[in-house]
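>
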Amino acid sequence: MTLFHFFNCAILTFGPHAVYYSATPLSEYDTLGTSVKAASVYLGTALVKLVCLATFLKVSENDSFDPYQELLKALIGFIDVAGLYFALTQLTHRNISQNHKFQAVGLGWAFADSVLHKLAPLWVGARGLEFTWDYILQGLEANANLVLSISLAALGSLMWLRKNKPKTLIPIIYACAAIVATMPSITNYLRRGLGWHFPKVVGFELFTSLVMAFISWQLFSACQRPSS
Amino acid sequence: MFPFKSRQPQMLDSMYSMIALVFILVACVELCDAATVVDVYRLIQYDISGVPFGSRLATLNHHAGSLHFTPGADLSRTVVIIPIRELNITFVKEYITQRKPLGGLLFLLPQIFDFEDRGATVSEDQVHEKGLMKTVLAELEKLLIHANIPYPVYFAFENDDIDTVLSDIKRNDATGQPATATTGGYKFVVSAPEPKRIASPTITNIQGWLPGLKADGDPNQLPTIAIVVSYDTFGTAPALSVGTDSNGSGVVALLEIARLFSLLYSNPKTRGRYNLLFGLTSGGPYNYNGTQKWLRSFDQRLRESIDYAICLNSIGSWDNELWIHVSKPPENAYIKQIFEGFSNVAKELGLEIGLKHKKINISNPRVAWEHEQFSRLRITAATLSELSVAPDILESTGGLSDNRYFVNETAIVRSIKLVAESIARHIYSHQGENIKVFADDSSLAVNPSYVKSWLDLLSQTPRVAPFLSKNDPFVMALKKELEDHAHEVNVQHEALDGMFTFYDSTKAKLNIYQVASVTFDLLLLLVLGSYLIVLFSFLVITTRGLDDLISLFRRPTSRKVKTA
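Going down the list, the protein sequences come from chains A and B.
The first sequence begins at 1 in full-length UniProt numbering and counts up one residue at a time.
The second sequence begins at 1 in full-length UniProt numbering and counts up one residue at a time.
1) Helix, strand or coil: how does DSSP classify Y186(B) here?
2) Along chain A, in chain order, which residues have C-beta atoms closer than 7 Å to that of Q45(B)?
3) Using the Cα positions of S241(B) and E304(B), report the straight-line distance between them to the nearest angstrom.
4) W196(A) by DSSP, collapsed to three states: which one?
5) What do you reckon, are the CB atoms on P223(B) and I44(B) nearer than 7 Å?
6) Taking Cβ-Cβ distances below 8 Å as the criterion, which residues of the segment 126-141 of chain A are in contact with chain B?
7) When we look at the beta-carbon of V29(B) and count the other beta-carbons within 10 Å, is it buried (16 or more) or exposed?
8) Candidates Q292(B), I533(B) and W209(B): which alpha carbon is nearest R259(B)'s?
9) Measuring only between beta-carbons, confirm whether V540(B) sits less than 7 Å from chain A.
10) Under 7 Å, Cβ to Cβ, is there at least one residue of chain A near V29(B)?
11) Put W318(B) into one of helix, strand or coil per three-state DSSP.
12) Hey, could you find the ends of the alpha helix (DSSP H) P473(B) is sitting in?
13) In the segment 280-346 of chain B, which residue ranges form an unbroken alpha helix (DSSP H) of at least 4 residues, counting only runs that do not cross its ends?
14) List the residues of chain B whose Cβ lies closer than 9 Å to the Cβ of N188(A), in chain order.
15) Whole angstroms is fine: what's the gap from L355(B)'s alpha carbon to L387(B)'s?
16) Measuring straight from C-alpha to C-alpha, what distance separates L32(A) and K200(A)?
17) Just confirm the distance between the C-beta atoms of G316(B) and I423(B), as a whole number of angstroms; I'd bet it's less than 8 Å.
18) Which residues in chain A have a C-beta closer than 8 Å to the C-beta of D521(B)? List them in chain order.
19) Taking the alpha carbon of F4(A) as the point to measure from, which residue in N408(B), Y503(B), T244(B) and L528(B) has its own alpha carbon closest?
20) Would you check if the distance between the CB atom of P211(B) and the CB atom of N267(B) is smaller than 7 Å?
21) Residues of chain B with a CB under 7 Å from the CB of residue 230(A): which are they?
22) Does the segment 67-81 of chain B come within contact of the segment 193-205 of chain B, defined as at least 3 CB pairs closer than 8 Å?
23) Measure from the C-beta of residue 610(B) to each C-beta in chain A and report whether the shortest distance is under 7 Å.
24) Is the separation between the beta-carbon of A154(A) and that of L206(A) shorter than 7 Å?
25) At 7 Å on the CB atoms, spell out the chain A contacts of K187(B), in chain order.
26) Consult DSSP for G354(B) and reduce its assignment to one of helix, strand or coil.
27) For R42(B), list the residues DSSP reports as bridge partners.
28) Just to confirm my understanding: we take P16(A), look at its own chain, exclude 5 residues before and 5 after, and list those with CB closer than 7 Å. What are they?
29) Short of 7 Å Cβ to Cβ, which residues in the segment 527-538 of chain B face chain A?
30) Quick one: Cα of F14(A) to Cα of Q111(B), how far?
31) Output yes if chain A places a C-beta closer than 7 Å to the C-beta of A192(B); else output no.
32) From F538(B) to G139(A), what distance separates their C-alpha atoms?
33) Taking only beta-carbon positions, decide if L12(A) is within less than 7 Å of chain B.
34) When you compare the CB positions of E409(B) and K347(B), do they come within less than 7 Å of one another, or not?
35) Whether or not the segment 164-182 of chain A and the segment 123-133 of chain A are in contact is what I'm after, with contact meaning three or more pairs of Cβ atoms, one per stretch, closer than 8 Å; do they touch?
36) Any contact between the segment 245-252 of chain B and the segment 396-404 of chain B? By contact I mean 3 or more CB pairs, one from each, below 8 Å.
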């Protein structure tokens with residue numbers, strides 16, 4: 001029944017993306033093109049990140065937490081933000097409202113991330129006879145990632161696409177964006193530096209993703225009030 | 001609406017090939033990356049005149065269970081894992097003799113029996129404990145070898161991984177739930193090829209010839225003394241049959257005796273007027289088939305020149321008493337002479353030696369001792385052994401408990417002294433004189449480190465004859481060693497008697513998987529399905545409103561209203 005397990009983990013990992021697309025008005029306004037374009041921008045960004053990592057990072061023998069290397073990885077992580085900026089601002093989308101634009105971009109981004117990072121381990125590992133909890137935890141991680149990507153896209157659209165923002169909220173927006181952008185480094189530090197186990201790390205990711213989603217939702221609606 | 005409608009036929013083709021590829025990939029479910037992989041050794045599979053014995057299957061793919069199963073449970077799809085320490089021989093006997101269905105058997109041997117584990121240090125009480133286990137193992141082996149078992153039987157050594165697995169299985173069994181597809185547990189998988197018959201197994205006899213000093217002008221053939229040892233083994237698990245005592249001790253003794261006499265004979269002044277013939281024969285467990293074929297290949301002159309032959313069988317774990325087994329009656333003059341010679345030397349060495357007479361029955365094909373093959377051709381011969389009774393067929397031929405730890409080098413060294421000294425006194429006609437040819441602290445002393453190093457090598461080499469190829473490295477090593485000592489070495493390859501048929505596949509790897517039950521998967525599917533539904537409803541409510549959610553379920557009716 002190992003293919004069954006693979007199927008279960010697959011719907012946990014990729015199901016929410018499909019559900020999000022069909023449940024929200026995104027499906028009505030046919031924003032699939034935007035999501036696909038965002039996914040391809042993610043692929044390009046991943047390639048650039050790979051090249052930078054290969055060039056600048058040195059391979060450590062032991063699995064310890066090296067602050068300098070982690071700082072470098074965080075800096076390279078900002079290429080992600082640059083990619084998102086490109087996807088949000090530079091690509092020509094059809095006439096869709098800003099509200100739906102960031103959701104579509106975030107969705108496409110998260111879907112590409114899940115496929116690239118989670119599909120191969122799932123295919124190779126979950127089909128074996130041996131049972132581990134890893135793939136279910138990985139699916140939960142993909143869910144958290146989806147929420148984080150959409151919040152980051154929301155904050156990004158606030159930063160770059162909305163011109164009139166209340167002055168007081170601007171630093172908060174930038175701070176939240178910075179936190180969400182450095183999420184991968186934080187989880188890495190938790191796993192390697194503090195030695196947290198995988199379930200604990202996934203729990204932390206889920207919690208922070210919900211918190212950040214709530215905060216960015218509040219910010220978004222707060223910024224929307226003056227214009228409406 | 002779809003910009004690629006014009007390219008549809010090509011799209012369909014590529015889609016079909018994609019689907020085909022997906023199906024192929026799906027078909028090969030990988031069985032690698034198991035939690036634990038253990039080396040296992042299969043029970044021997046052989047036929048005697050077409051009657052099958054041993055374990056007839058090699059592939060294994062069943063759930064694991066321990067001895068703590070609920071009585072009356074169906075074990076036909078379970079592999080029962082039994083550590084030898086807790087062996088319940090009645091259970092095994094019941095299942096095998098009554099031919100009850102079983103998925104498979106896995107016996108766990110204590111780590112001490114692992115000859116490949118060189119780092120193991122042995123404590124005194126461990127050796128004592130293993131002594132108790134010897135009798136248990138011997139009984140188990142006898143049962144397994146003479147039974148026809150239609151499922152796979154494997155042996156493995158205890159280690160930490162498999163111990164944790166076993167304790168887990170015992171715990172699960174104690175709750176009364178045997179492991180099946182619906183309740184999870186451990187799955188044992190051995191993917192071994194179908195055991196094939198070994199076509200024309202060869203037995204290899206090695207002989208070494210040390211010529212004596214022939215006086216000038218003497219036309220007669222010098223008399224010969226033969227020392228013969230059979231070097232191959234037969235055991236429950238052929239990959240583990242090292243037979244340190246039966247008959248590794250004999251092989252070591254022969255090599256050392258050959259070395260000593262080659263030193264003596266290297267100088268013409270000390271060369272005796274007897275030729276020496278050393279024989280390393282194969283096919284011992286199978287009624288000394290190899291010896292018979294070897295003797296048949298002798299020409300008449302050589303056969304007539306043999307004064308007597310001494311065969312060595314299991315001389316490694318005795319304390320104070322050895323036996324000389326003969327087939328000619330003890331009143332025979334030659335036998336008397338040989339026995340007296342040995343007794344004199346034995347008295348000097350401080351050990352006892354007894355004479356046992358066993359008549360041969362020509363019509364009975366069973367050959368219990370190697371000297372009987374000589375006696376059937378009217379050559380005087382005797383076997384020196386620590387065993388007082390003739391072993392049954394396939395008994396005392398190097399089983400699981402015939403291990404390095406139970407063999408005593410000093411016993412072998414004393415046996416070597418006994419044999420070498422007795423033969424030397426016969427050759428140089430010093431019978432009854434108080435002269436030691438191979439005295440300690442002389443250049444002809446028995447070399448204990450030579451004995452030890454060869455014994456260590458033998459106790460790490462399984463030597464079941466059908467599984468030794470013609471140019472097996474060990475056989476070549478024996479030949480080379482004998483060439484160092486003897487003047488002329490010949491190797492004879494023969495086919496093993498057609499009565500015995502053997503099957504291969506003796507070693508495999510066991511993969512142990514921890515599997516989740518089907519109920520778990522179904523439960524997970526249920527949970528995930530409800531999670532996705534809840535997520536869907538939540539998103540619809542927050543983004544489109546509750547009315548939209550309700551309208552989703554009323555869509556068919558609303559459409560009817562629209563069309564009407």
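Glycine is no exception: its CB is placed at the ideal position from the N, C-alpha and C atoms.
Being a predicted model, the structure only gives us computed values, none of them experimental.
Let me spell this out:
1) Translated into the one-based positions of the second sequence, residue 186(B) becomes position 186. Strand, per DSSP.
2) Locating residue 45(B) in the second sequence gives position 45, counting from the first residue. Near Q45(B) there are no residues of chain A at all, since even the closest Cβ is about 27 Å away, more than 7 Å.
3) The sequence position of residue 241(B) within the second sequence is 241, counting from 1. The sequence position of residue 304(B) within the second sequence is 304, counting from 1. Between S241(B) and E304(B), the alpha-carbon positions lie close to 37 Å from each other.
4) Residue mapping note: residue 196(A) aligns to position 196 of the first sequence, counting from 1. Collapsing the DSSP output to three states places W196(A) in coil.
5) In the second sequence, counting from the first residue as 1, residue 223(B) sits at position 223. In the second sequence, counting from the first residue as 1, residue 44(B) sits at position 44. Contact annotation: P223(B) and I44(B) have beta-carbon atoms that are not nearer than 7 Å.
6) Flagged, chain order: R127, G128, L129, E130, F131 and I136.
7) Here residue 29(B) is taken as the residue at index 29 of the second sequence, counted from 1. At V29(B), the pLDDT of 44 sits below 50, so the modelled position is not reliable and the matter cannot be decided from this model.
8) Within the second sequence, the letter at position 259 stands for residue 259(B). Relative to R259(B), the option among Q292(B), I533(B) and W209(B) whose CA is nearest is W209(B).
9) Walking along the second sequence from the start, residue 540(B) turns up at place 540. Closer than 7 Å: yes.
10) On the second sequence, position 29 is the one that residue 29(B) refers to. Unreliable positioning characterises V29(B) in this predicted model, as indicated by a pLDDT of 44, which lies under 50. The coordinate reading is nonetheless provided below. The C-beta of V29(B) comes closer than 7 Å to at least one C-beta of chain A.
11) As a position in the second sequence, residue 318(B) is number 318, starting the count at 1. Under the three-state reduction of DSSP output, W318(B) falls in the coil class, being neither helix nor strand.
12) Here residue 473(B) refers to the residue found at position 473 when the second sequence is read from its first residue. Secondary structure note for P473(B): its alpha helix (DSSP H) is the uninterrupted segment P473 to H485.
13) The segment 280-346 of chain B contains these whole alpha helix (DSSP H) runs: 289-296 and 300-305.
14) Position 188 of the first sequence, counting from 1, holds the residue named residue 188(A). By Cβ distance, chain B contributes nothing, its closest Cβ being about 25 Å from N188(A), past 9 Å.
15) As a working note, residue 355(B) is residue 355 in the second sequence. As a working note, residue 387(B) is residue 387 in the second sequence. A direct Cα-to-Cα measurement between L355(B) and L387(B) gives close to 12 Å.
16) Position 32 of the first sequence, counted from the first residue, corresponds to residue 32(A). Position 200 of the first sequence, counted from the first residue, corresponds to residue 200(A). Rounded to whole angstroms, L32(A) and K200(A) show a C-alpha spacing of 35 Å.
17) Translated into the one-based positions of the second sequence, residue 316(B) becomes position 316. Translated into the one-based positions of the second sequence, residue 423(B) becomes position 423. Their Cβ separation, rounded to whole angstroms, is 20 Å, which puts G316(B) and I423(B) out of contact at 8 Å.
18) The sequence position of residue 521(B) within the second sequence is 521, counting from 1. Within 8 Å Cβ-Cβ: M1, F4, H5 and N8.
19) Locating residue 4(A) in the first sequence gives position 4, where the first residue counts as 1. Per the Cα distances, L528(B).
20) Counting from 1 along the second sequence, the entry for residue 211(B) is found at position 211. Counting from 1 along the second sequence, the entry for residue 267(B) is found at position 267. The answer is no: Cβ separation not under 7 Å.
21) Here chain A covers residues 1 to 228 and nothing more, so residue 230(A) does not appear.
22) The segment 67-81 of chain B vs the segment 193-205 of chain B: no contact.
23) Lying before the first or after the last residue shown, residue 610(B) is absent from chain B, which here runs from 1 to 564.
24) Locating residue 154(A) in the first sequence gives position 154, where the first residue counts as 1. Locating residue 206(A) in the first sequence gives position 206, where the first residue counts as 1. Taking 7 Å as the Cβ cut-off, A154(A) and L206(A) do not qualify as a contacting pair.
25) Taking the first residue of the second sequence as 1, we reach residue 187(B) at position 187. Listed along chain A are L129, each with a C-beta nearer than 7 Å to that of K187(B).
26) Sequence index remark: in the second sequence, residue 354(B) carries index 354 (1-based). Taken through DSSP and simplified to helix, strand or coil, G354(B) comes out as strand.
27) As a first step, residue 42(B) must be located in the second sequence, where it is residue number 42. Answer is Y154(B).
28) For the purposes of this step, residue 16(A) is identified with residue 16 of the first sequence, where counting begins at 1. Excluding residues within five positions, the ones whose Cβ falls inside 7 Å are N143 and L146.
29) From the segment 527-538 of chain B, only L528, L532, L535 and F536 have a Cβ closer than 7 Å to chain A.
30) Residue numbering aside, residue 14(A) sits at position 14 when the first sequence is read from its first letter. Residue numbering aside, residue 111(B) sits at position 111 when the second sequence is read from its first letter. Using only the alpha carbons, I get a separation of about 48 Å.
31) Locating residue 192(B) in the second sequence gives position 192, where the first residue counts as 1. Not a single CB atom of chain A sits nearer than 7 Å to the CB of A192(B).
32) Mapped onto the second sequence, residue 538(B) falls at position 538. Mapped onto the first sequence, residue 139(A) falls at position 139. One C-alpha to the other measures close to 20 Å.
33) Counting from 1 along the first sequence, the entry for residue 12(A) is found at position 12. Look at L12(A): its C-beta is under 7 Å from a C-beta on chain B.
34) What you label residue 409(B) is simply residue 409 of the second sequence in a count that begins at 1. What you label residue 347(B) is simply residue 347 of the second sequence in a count that begins at 1. Not in contact: E409(B) and K347(B) (Cβ atoms no closer than 7 Å).
35) Between the segment 123-133 of chain A and the segment 164-182 of chain A there are fewer than three inter-stretch CB-CB distances shorter than 8 Å, so the stretches are not counted as touching.
36) These segments touch.
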